[in-house]
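These notes concern the structure reproduced below.
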């Protein structure tokens with residue numbers, strides 16, 4: 001009897017204690033609640049409401065109501081998203097013991113200027129928590145690739161993702177070596193595309209190309225792509241576009257994921273990801289590490305032994321931490337380290353053996369402080385360090401000549417202060433100022449000077465009416481070597497009808513010549529050419545001539561290069577229509593026109609007694625990239641998404657057309673048809689265009705999920721039309737009798753199966769199903785089979 005009373009008393013005390021704890025907790029937390037409706041005041045259900053930085057997530061019910069309890073006091077960023085509506089972004093303050101209520105009105109949208117539908121999902125405004133700049137304000141078309149799309153493509157490196165996107169290609173610059181691989185967007189080469197991680201620029205380029213295979217996709221949350229001049233956002237190097245990689249951030253519950261892939265060419269891709277909240281959700285840690293290796297491959301039948309694409313091992317690690325220091329302030333930091341090591345031997349037969357090695361290290365460190373003021377302004381202070389080191393050498397036989405070794409180091413320090421505010425009546429403003437220091441240390445570069453840059457910008461967007469939205473910005477850059485540049489942008493969106501939207505934009509860009517174009521002196525014995533920077537050209541040629549190392553100088557070219565290189569400039573125009581007659585089908589078409597002035601191009605200036613070709617750099621008057629893009633997405637049934645994309649591109653150097661028309665040498669040399677032996681005088685219509693650009697590219701993609709089996713799959717067909725490889729007949733322009741890479745199809749497939757309550761994922765990938773290879777495409781592997789396994793552990797398992 002006494003025992004039963006004691007047990008009942010224990011239950012009563014336990015209940016009272018829990019009530020007391022809940023009461024104490026309620027006294028130290030607050031609640032956020034409200035109702036979501038459309039512009040006709042009708043409730044909207046299924047809206048996803050996210051509060052950052054704690055990443056609290058809920059959805060509105062059938063009446064549009066939502067509630068998020070137990071929030072620690074402070075300022076939260078509110079994001080509300082729903083398919084068919086513009087994304088709502090605002091901030092709210094949570095106070096101890098209080099309930100904060102909001103009535104939210106969402107506007108219907110047929111995809112705003114800054115969103116692209118990928119894999120049936122709408123990717124909308126969701127900026128990185130460490131960056132207030134919005135990519136859509138460049139005024140150019142913007143595409144977003146979501147995390148789920150990346151998973152369903154089965155890709156492992158960033159270049160594999162991008163080469164399947166409409167209007168984009170991964171190209172090899174063979175004159176820059178086997179490792180000179182970069183991305184091309186609407187005809188702009190890799191040297192004009194800025195690569196950023198979490199809004200901060202990456203460094204380390206080979207012959208102007210940034211090798212995207214250095215970056216693993218394992219911890220990417222999404223990829224934002226701007227097609228066209230974007231210097232109004234990021235300054236130099238964004239002359240032709242920008243690719244911003246947003247890594248994963250935030251954590252709700254502790255979890256760890258381990259992934260392993262193995263396949264053809266002994267490819268190994270191993271990843272460990274982890275995320276952990278701490279200090280009662282005030283702080284989060286995201287950690288990712290990746291190991292990747294491949295044996296490389298050969299597409300050149302003239303190589304007796306050796307590879308056209310190098311074998312390598314790649315190690316990378318990133319840690320991202322955020323901590324709320326007060327109710328209005330958040331401190332953030334990120335550290336990323338990468339290491340790549342490779343050596344590639346080549347045996348050309350007859351005793352001619354060569355090899356080249358490259359070790360690359362890059363370190364990226366960032367510190368941020370995010371503060372919300374009571375007045376409604378938000379500020380982010382950012383410091384960024386990027387350090388890149390490359391150690392390269394070329395080996396002939398058993399010898400490693402000292403002058404064949406290149407040790408290169410590039411370092412950037414950058415500080416930036418950003419401000420943003422959402423005003424009433426649909427006006428949003430972002431502004432910032434900053435400065436950067438770029439340091440170059442290269443054994444092959446003489447008299448290299450540090451470059452200091454100062455910049456300031458203001459950007460914004462304004463909803464003028466329920467049908468018209470205006471966005472744009474202006475940026476001012478002052479560089480120590482090239483003076484000041486002003487780059488504006490403007491974008492307009494007009495809803496012509498409920499299902500039809502017009503979008504138009506204009507933007508400008510610029511790019512300062514890099515250190516190598518100005519000061520580099522580098523000899524490649526394997527290809528037997530010498531590159532001399534523009535600002536040391538005259539001195540170097542005179543020294544070589546005094547030593548008897550010059551057999552011919554093209555004085556008419558050298559005389560044109562007696563002044564320093566000018567910064568390259570561009571203006572981009574874009575106009576398009578989006579038609580979305582139903583919720584399951586949409587099609588978008590656009591025309592683009594990019595004009596580049598003072599484009600920097602390599603040109604032969606001399607011939608040596610022991611060196612076949614000597615190059616330097618010059619500015620070209622004008623070049624254009626113009627064409628059209630069409631993209632469409634359709635969901636015929638639940639969980640099936642079909643996509644189509646097409647690009648038509650014309651890319652030409654206008655000075656070539658002028659030279660052909662004027663009959664200048666060597667452009668006036670007769671063309672010879674090798675099939676008939678006939679000769680004829682060249683005309684401007686015989687000029688094909690700039691190398692490495694295809695007239696036609698298209699892709700067809702299908703993504704399907706069969707939920708009863710927890711199985712997802714994809715099939716993607718990519719076509720790239722023929723493109724010019726090199727000038728074969730020596731008339732200094734590409735005509736139809738020169739060397740071309742043939743048009744070809746690349747077909748890729750992927751399938752995955754989730755088991756044990758989503759904890760285990762099995763996957764299998766086949767890339768290049770048709771096994772297409774060509775010696776003029778040294779970076780395109782044959783057919784690849786890759787299998788993998790992922791195990792994910794959640795708290796409470």
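Residue numbers (my numbering): 1 to 797.
Where a beta carbon is used, it is the ideal one built from N, C-alpha and C, also for glycine.
Of the candidates 563, 537, 565, 566, the residue whose Cα lies closest to the Cα of residue 553 is 537. Boundaries of the beta strand (DSSP E) around residue 571: 568-582. Here DSSP, grouped into helix, strand and coil, assigns residue 300 to coil. In the assembly as shown, residue 568 is a buried residue. Its beta-carbon has 16 or more other beta-carbons within 10 Å. By the neighbour-count definition (other C-beta atoms within 10 Å, threshold 16), residue 132 is a buried residue. For residue 703, the enclosing beta strand (DSSP E) starts and ends at 696-706.
Residue environment for residue 486: exposed (fewer than 16 other C-beta atoms within 10 angstroms of its C-beta). Our two residues, residue 640 and residue 708, have alpha carbons roughly 14 Å apart in a direct line.
Secondary structure at residue 153: helix, using DSSP grouped into helix, strand and coil. Taking C-beta atoms as the reference points, residue 718 and residue 699 count as a pair closer than 8 Å.
In this structure, residue 671 lies away from residue 727, with their beta-carbon atoms at least 8 Å apart. Residue 435 sits away from residue 419, with the two beta carbons spaced by 8 Å or more. Counting along the chain, residue 172 sits inside the beta strand (DSSP E) bounded by residues 168-172. A contact between stretches requires three or more CB pairs, one per stretch, nearer than 8 Å, and the region 30-38 meets this requirement with the region 92-110. Between residue 457 and residue 280 a beta carbon distance of about 37 Å is seen, past the 8 Å cut, so the two are scored as non-contacting. In its chain, beyond the 5 residues on either side, 198, 332, 368 have a beta carbon closer than 6 Å to the beta carbon of residue 130.
For residue 521, the number of other beta carbons within 10 angstroms of its own is at least 16, and it is reported as buried. In the three-state reduction of the DSSP assignment, residue 425 falls in the helix class. Under the three-state reduction of DSSP output, residue 135 falls in the helix class.
Taking 8 Å as the cut-off, the Cβ atoms of residue 231 and residue 209 do not count as close. It is roughly 11 Å from the alpha-carbon of residue 408 to the alpha-carbon of residue 393.
DSSP lists 378, 430 as the beta-bridge partner residues of residue 420. For residue 518, the enclosing alpha helix (DSSP H) starts and ends at 515-519.
Contact check between the region 628-638 and the region 587-601: three or more CB pairs, one atom from each, fall below 8 Å, which counts as touching. Going by C-alpha positions, residue 204 is about 9 Å away from residue 360. Around the beta carbon of residue 169, a 10 Å sphere encloses 16 or more other beta carbons of the protein chains shown; the residue is thus reported as buried.
Between residue 327 and residue 74 the beta-carbon gap is near 3 Å, inside 8 Å, which marks them as a contact.
Take residue 427, set aside five residues on each side of it, and the residues of its chain with a beta-carbon closer than 6 Å to its own are 462, in chain order. The beta-carbon separation of residue 239 and residue 510, rounded to 6 Å, stays under the 8 Å limit for a contact. Ranked by Cα distance from residue 620, the first of 689, 647, 335, 654 is 654.
Per DSSP, reduced to three states, the secondary structure at residue 544 is helical. DSSP places residue 308 in the coil class of the three-state scheme, outside both helix and strand. Contact check for residue 188 against residue 241 passes: the beta carbons are separated by less than 8 Å. Annotated as distal: residue 244 and residue 153, with beta-carbon spacing of 8 Å or more. The alpha-carbon of residue 183 is positioned some 9 Å away from that of residue 172. Within a 10 Å sphere around the beta-carbon of residue 781 sit 16 or more other beta-carbons, which makes this residue buried.
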